[in-house]
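*Asks:*
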Amino acid sequence: MISTSRMDKAPLPFLLFSLILLLSCTAIDGNTITPTQFIRDPQTLTSSGEIYKLGFFSPANSTNRYVGIWYNKVSVQTIVWVANRDNPLKDFSGVLRIAKDGNLVLLDGGGIVLWTTNVSNIPVNNSIAELLDSGNFVLQQVSDKRILWQSFEEPMDTFLPTMKVGANIRTGKTIVITSWKAESNPSTGNFFSGLELIGTPQIVIWNGSQRHWRSGPWNNRIFIGVSTMYSVYLDGFYIIRDALEDAVYMTFNYFNQSSFTRYVLDHSGELFGERWDEGGNGWYRFFSTRDNDDCDAYGKCGPFGTCNILDSPICSCLRGFKPKSEDEWSKGNWSGGCVRKTELQCERNRNSTISISNAGEKEDGFLKLEMMKVPDFAYWTAPKSVKECGQECLKNCSCLAYSYDNGVGCMIWGQTLVDIQKFSKGAGVDLHIRVAHSELVMNKALLPFSLFSLTLLLSLYKHCSAIDNTTVTLTQYITDPKTVTSSGEKFKLGFFSPGNSTNRYVGIWSNKVPGQTIVWVANRNNPLKDSSGVLRIANNGNLVVLDGRGVVLWTTNVSNIASSNSTAELLDSGNLVLRQVSDQRVLWQSFEDPTDTFLPTMMIGANRRTGKTRQLTSWNSKSDPSTGIFTAGIELTNIPQAVIWNNGSQRHWRSGPWNNRIFIGIPTLYSVYLDGFYIDRDALEDTVYMTFNYFNRSSFSRYVLNHRGELIGQRWDEGGNGWYQFWSTKDNDECDVYSKCGPYGSCNILDSPICSCLRGFTPKSDDEWSEGNWSGGCVRKTELQCQKNKNSTSSSGSNEAEKPDGFLKLENMKVPDFAYWKPPKDVKECEQECLKNCSCLAYSYDSGVGCMIWGRTLVDIQKFSKAVVDLHIRVAHSELGMLELIFILKFLWIAFSQDSCKKEMEISLFNIDNNVYEESSDSNMLGDNPDLKIFKFEQLAVATNHFGGASKLGEGGFGSVYKGKFTDGQEIAVKRLSKGSGQGLEEFKNEVLVISKLQHRNLVRLFGCCVEGEEKMLIYEYMPNKSLDAFLFDSTKRALLDWNKRFQIIEGISRGILYLHRDSRLRVIHRDLKASNILLDEELNPKISDFGMARIFGGNEMQANTKRVVGTYGYMSPEYAMEGRFSEKSDVFSFGVLLLEIVSGRRNSSFYHHELSLSLLGYAWQLWSENKTKSLIDPMLLSKPFFELEILRCIHVGLLCVQEFAKDRPTISITLSMLTSEITTLPTPKQPAFVVKGVSSDSNSSQKRHKSGSVNNVTITNLESR
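Residues -30 to -1, 1 to 1236 in mature numbering (1 follows the signal peptide of the UniProt record, and there is no 0) are what the sequence shown spells out, letter by letter.
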């Protein structure tokens, strides 16, 4: 639309002249300027949706003319951008047009250029300028729509939705907003505002070079120094990071885009947010950098001073400090700030020449200040908890304060603390300031940290220029088997053959990891059949793979590359980049065409505008990198989540919604600023991408989508022990399978069975449910009232007296799939939004996501043990009443049932010493696991034929084990504790505590327990083949264990241990792994049992000590047997002994080499040293020589596991990778412990031996050391 500005008081002749001039102009499109279409003053352009206008204007009280952009539908002309702000027109002769060089120019009547976009090398007649509905004025290349220039990259005083401010560190280009000079003068003012990237990003307003105001650090959701800030996904601020360009930008958008919102930096240096009142009342101000009045002035209270707008005076010194000048302070001049009252002890130690003088003085500590705006110049560091952060600060004498925020991570300060505020109403974060011990005593706030000395290591980004062997050019190419290496020697590019294949591929792999770990493949679907391949730049500028005949097997396939104007470079990120030589523009990159591996700074997601997606795609098999059936990417419907698809469209796994910090369906996900995952959104390009990076870049991390559809996170162990798996989409085993329990079903890996219906629902088919087929899901027990009202034909019928529906709260849930985002800003508003809509079946509220509601079948729900989010499901009112009744009955039952087994459990069974079970010994454990059944003594007596001798499977130090059979035919094993066995009671309590929380295919399954009077029993699944030792050490039965079966047992045991150490919700050290504690089912699959001696470790606990050493000599690690120290490596040692037993068929505890007095470990070591390892192999396994290499590999791994020192042993995850050949090169083992047979007998501890028994692996300890 073209319009003429209205000038009410203009003389008639002038109006007539203007009209004639307007009619004489060429008709132009409503929102574009082309080489043949331009605008003269007073013509305008209007965006396609009629939201913005572009044209000529004069500010109030000025006759100067400018080209600017303003709101079209706001009654008051509100300017948001000015072109010629520093070079105004003096009359109405201005013309805005496309010049011959393709640039947009503003000319005066004399043809003088007053302003230009100033872009180089635009092809002739190949540019067009368009005013968009976002308020962005864009100069585009006609041929490919590439943006050449945009007003959003040259903002004035106004920050609009989807506009970006920030910086490109590589090019040095910054985007800031700059104030007007005065209210009537749009020329460049004194104040400018942008994103400061030193440390953690924050918004700063500068007055010239002087800091005027700052926002405090960004925590992936809000700036923590802005007390009133509200921001959730799709509704507020977010930060975009581009690792390839080394750029960081801030932008914002709001869900309700019908009302105009803007931020303005005015000529006085105030940044304020305004929203247009559609009722016609003008601009409504909802935020200002002066909300806290004087306290918002930068450094108002000087160094070590804090400002509180509610105090009088507003400035005070931090605790432990006093005014630098009492006189100035009393006059209200606080700029001089404060000084420390008492010198820090660590400073005295550092300054003292005689160390003994301060020996009696106590160490410094920290005072905690709550709800603070943290000081300026925070330094980000890696610790992952507030405790670790405090320790990091305390051990460095230069650290004056620290703070921890879940979204930022750990912040420390090493210089003067300045610009601090005290907030109210729960805003801000806790700030811990370092003070002398005397100050702590005065404030009664001593923190329990110890003082260590440490120098912080600062990591600097290095921008290294490319060297010859990092690039492929038109004249430099690589032939098989040559390679290209990135400048920092982190990655290689070249030809390879995977696994057992002879095909040749071009790929990228890590250079510093032994063996080829492929991260990207070029010609994955078109392999070379020989070694004749060449990777080069073709004449058309593309990167191509050619075979020996010159046939193109793969190409980057980019159009319109200028002749001899491209080069390919392998970067240290693992990204292969094809660039245009002339301007270094990226034409193509391997990171935009990934295969199965997700590397740091790679981006996965989609561009909605172009429809282009970036996804991971699995290999077809371990040895075949061609496109597999699984894909993984970001699903962009409403709220982003990561999804794995099977065969393109079938959902296989999902992460749950993104909350600006983590995916809330992954309870173990850790992510803070600069250390973890983040999502970049670009509203202009309409793109959403997920990427990740880690602060510790010295260790190589990756995520791989394997051919089985499992996405795994791996980190390379720098000690040379291979890949350590730290995360997997199968961490929760079967519960991670998409929709395992069907519609309205919930999965809990700690329950048995794992599936249950949501409260208020019942299985759709009881028969299928009882058979373990849960795919049909559940149906509602009682129809919703609002649904009955909707279906009723009479509004005054029978439903009148019925009460409305309500919501049941389910805690710690993975929310259902297909969430719909809504704008309510708290959980109460979210509930009201759902309740007023009969189609809304559930809602959930997360502070990072906002309000989520569901209007379709609830599917793919999980119950977690860790705190995640609450899910509120809609049920009929009668179900709410039923729930209240259940709570009342449960309370009465616990309170008054004197003979109840469950009551005894709660009162006595879990009364465990708190210093041993610090994190897990709560008396509500059964409440978390309601499917742990409580059996009656009479029921078990009948099942075991009254515990008759014929039913006994075995016995040990703590009692006997019996076989039983219930009336429904189910077979069980009952472990009956000996009466009066105090030691056995403690192991019994421990076993219930541990195993009731665990579930894995290679762990024995606990059905329930019984506690009546002196009777205490555990009920397990029955294992018909008893334990491994019954087969392995029996000359007749051992023949049934061929190598395939033995390796299956080895792998199963290792996977069970891996679950205990890494993949379960608890970290469990078994402490008694041995052949008699490995049960075998009907198919000889192994199941680890006997958890009576197991220990639960806390999240950061790596090692523990005990004065009570329990276990079995011969399987115990030396550090445990001799010093009582145990860790994950203790179980690895036991597994190594077990591995050597399985391979040799010999029992370690009874092995004796008469000539040399060697144990089994010593004998294995001697054979290894003499290169006679084959002699250790069980002769029964040598009938099939093609297994020999695999068996020898297992012996090698076994010797690595039994090395004397724990630090030398691999973790169980690395051990498993070694066994399955994922790690091809094995380190040389060092001498094992207990080489000589008599070691254990020399111990000072008295030893009591019990007869060894294979008793269905229910804890019977063979040896105890006291």
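Think of the CB as a built atom: it goes at the ideal place given N, C-alpha and C, for glycine as much as any other residue. The structure displayed is predicted, hence computed values, not measured ones.
What number of angstroms, rounded off, separates the C-alpha of P5 from the C-alpha of G79?
*Replies:* Taking the straight line from one Cα to the other gives about 18 Å.
*Asks:* Going by beta-carbon coordinates alone, are T565 and V551 separated by less than 7 Å?
*Replies:* In this structure, V551 does not lie closer than 7 Å to T565 by Cβ.
*Asks:* On the premise that L811 lies in contact with I843, defined as a C-beta separation below 8 Å, what is that separation, rounded to the nearest angstrom?
*Replies:* Confirmed, about 7 Å.
*Asks:* Quick one: residues in its chain with C-beta nearer than 7 Å to the C-beta of C359, no 5 flanking neighbours on either side, listed in chain order?
*Replies:* Excluding positions up to five away in sequence, the list reads P353, Y372, Y374, C380.
*Asks:* Here's the rule: buried if 16 or more other CB atoms are within 10 angstroms of the residue's CB, otherwise exposed. What is D346?
*Replies:* With 16 or more other Cβ atoms within 10 Å, it is buried.
*Asks:* Answer with buried or exposed for H916, where buried requires no fewer than 16 other C-beta atoms within 10 angstroms of its C-beta.
*Replies:* Exposed, because fewer than 16 other Cβ atoms sit within 10 Å of the Cβ of H916.
*Asks:* Quick one: Cα of D999 to Cα of S848, how far?
*Replies:* Distance between the alpha carbons of D999 and S848 is about 56 Å.
*Asks:* Going by beta carbon distance, what residues of the same chain come within less than 7 Å of L444, once the five residues before and after it are set aside?
*Replies:* Answer for L444: I507, S534, listed in chain order.
*Asks:* Which stretch, first to last residue, makes up the alpha helix (DSSP H) that contains R740?
*Replies:* A quick correction: the sequence has Ser, not Arg, at residue 740. Counting along the chain, the alpha helix (DSSP H) containing S740 begins and ends at 736 to 740.
*Asks:* If I follow the unbroken beta strand (DSSP E) through W150, where does it start and stop?
*Replies:* Looking at the DSSP string, the run of the beta strand (DSSP E) that includes W150 is 147 to 152.
*Asks:* Can you give the beta carbon distance from Q1136 to L1128, rounded, assuming they're within the 8 Å contact cut?
*Replies:* About 6 Å separates the two Cβ atoms, so the contact holds.
*Asks:* Taking Cβ positions, are F1001 and L1043 nearer each other than 7 Å?
*Replies:* No, the pair does not count as a contact, with Cβ atoms beyond the cut-off.
*Asks:* Taking the C-alpha atoms as reference points, what is the distance between K23 and Q559?
*Replies:* When rounded, the distance between both Cα atoms is 38 Å.
*Asks:* Please classify L288: is it buried, with 16 or more other beta-carbons within 10 angstroms of its beta-carbon, or exposed?
*Replies:* Flag for L288 reads buried.
*Asks:* What residue from Q1201, S716, G730 has the CA that sits closest to L747's CA?
*Replies:* The amino acid occupying residue 747 in the given sequence is Gly; Leu does not appear at that position. If we check each option's Cα against that of G747, S716 comes out closest.
*Asks:* Give me the DSSP bridge partner(s) of W350.
*Replies:* M381.
*Asks:* With respect to the beta strand (DSSP E) encompassing N160, which residues constitute its N-terminal and C-terminal limits?
*Replies:* 155 to 166 is the span of the beta strand (DSSP E), which, as asked, contains N160.
*Asks:* With a threshold of 7 Å on Cβ separation, who are the neighbours of R260 within its own chain once the five nearest residues in sequence on each side are excluded?
*Replies:* Counting only Cβ-Cβ distances below 7 Å, and skipping sequence neighbours, we find E240, D266.
*Asks:* Let me confirm a value: F193 is counted as buried when at least 16 other C-beta atoms fall within 10 Å, else exposed. Which label applies?
*Replies:* Flag for F193 reads buried.
*Asks:* Tell me, to the nearest whole angstrom, how far the beta carbon of T597 is from that of G618; I am working on the premise that it is less than 8 Å.
*Replies:* That belief does not hold up - the Cβ atoms of T597 and G618 are roughly 11 Å apart, past 8 Å.
*Asks:* T914: which of K903, G939, I904 sits nearest, CA to CA?
*Replies:* Nearest option by C-alpha distance: G939.
*Asks:* Please report the straight-line C-alpha distance between W246 and F256, rounded to a whole angstrom.
*Replies:* Answer to the nearest angstrom: the Cα atoms are 10 Å apart.
*Asks:* Drop a sphere of 10 angstroms on the beta-carbon of I1161, count the other beta-carbons inside from all chains shown, and report buried for 16 or more, exposed for fewer.
*Replies:* Buried, because 16 or more other Cβ atoms sit within 10 Å of the Cβ of I1161.
*Asks:* Take the Cβ of N1141 as the centre, count every other Cβ of all protein chains shown within 10 Å, and call the residue buried at 16 or more, exposed below.
*Replies:* N1141 is exposed by the Cβ-count criterion.
*Asks:* Taking the CB atoms as reference points, tell me whether I604 and I574 lie closer together than 7 Å.
*Replies:* Contact: yes.
*Asks:* Given a threshold of 16 other Cβ atoms within 10 Å of its Cβ, counted over all protein chains shown, does G469 qualify as buried or as exposed?
*Replies:* When all chains shown are included, G469 counts as exposed.
*Asks:* Answer yes if the region 732 to 751 comes into contact with the region 707 to 716, meaning at least three C-beta pairs across the two stretches below 8 Å, and no otherwise.
*Replies:* Contact between the region 707 to 716 and the region 732 to 751 is present, because at least three Cβ pairs lie under 8 Å.
*Asks:* Around the C-beta of D127, are 16 or more other C-beta atoms found within 10 angstroms, so that it is buried, or is it exposed?
*Replies:* D127 is buried by the Cβ-count criterion.
*Asks:* Could you give the uninterrupted runs of the beta strand (DSSP E) lying entirely in the region 778 to 831, keeping only those of 3 residues or more?
*Replies:* Complete beta strand (DSSP E) runs here, min 3: 790 to 792, 812 to 816, 820 to 824.
*Asks:* My guess is that L370 and W350 are in contact by the Cβ rule of under 8 Å, so how many angstroms apart are they, rounded?
*Replies:* L370 to W350, Cβ: 16 Å. No contact.
*Asks:* Please confirm whether H622 and G683 have their CB atoms less than 7 Å apart.
*Replies:* Contact flag unset, no.
*Asks:* Would A576 and T583 qualify as a contact pair, given that the criterion is a beta-carbon distance under 7 Å?
*Replies:* Their beta carbons are under 7 Å apart, which means A576 touches T583 by this criterion.
*Asks:* Okay, do the region 44 to 64 and the region 156 to 170 touch, 3+ Cβ pairs below 8 Å being the bar?
*Replies:* Short answer: they touch.
*Asks:* Count the other C-beta atoms from every protein chain shown that fall within 10 angstroms of the C-beta of A920, then say buried if there are 16 or more, exposed otherwise.
*Replies:* Burial call: exposed.
*Asks:* For N702, collect the residues of the same chain with a Cβ closer than 6 Å to its Cβ; drop the 5 residues on either side in sequence, then sort them by chain order.
*Replies:* Once the five neighbours on either side are set aside, the close Cβ partners of N702 are I719.
*Asks:* Cα separation between N278 and T386?
*Replies:* One C-alpha to the other measures close to 19 Å.
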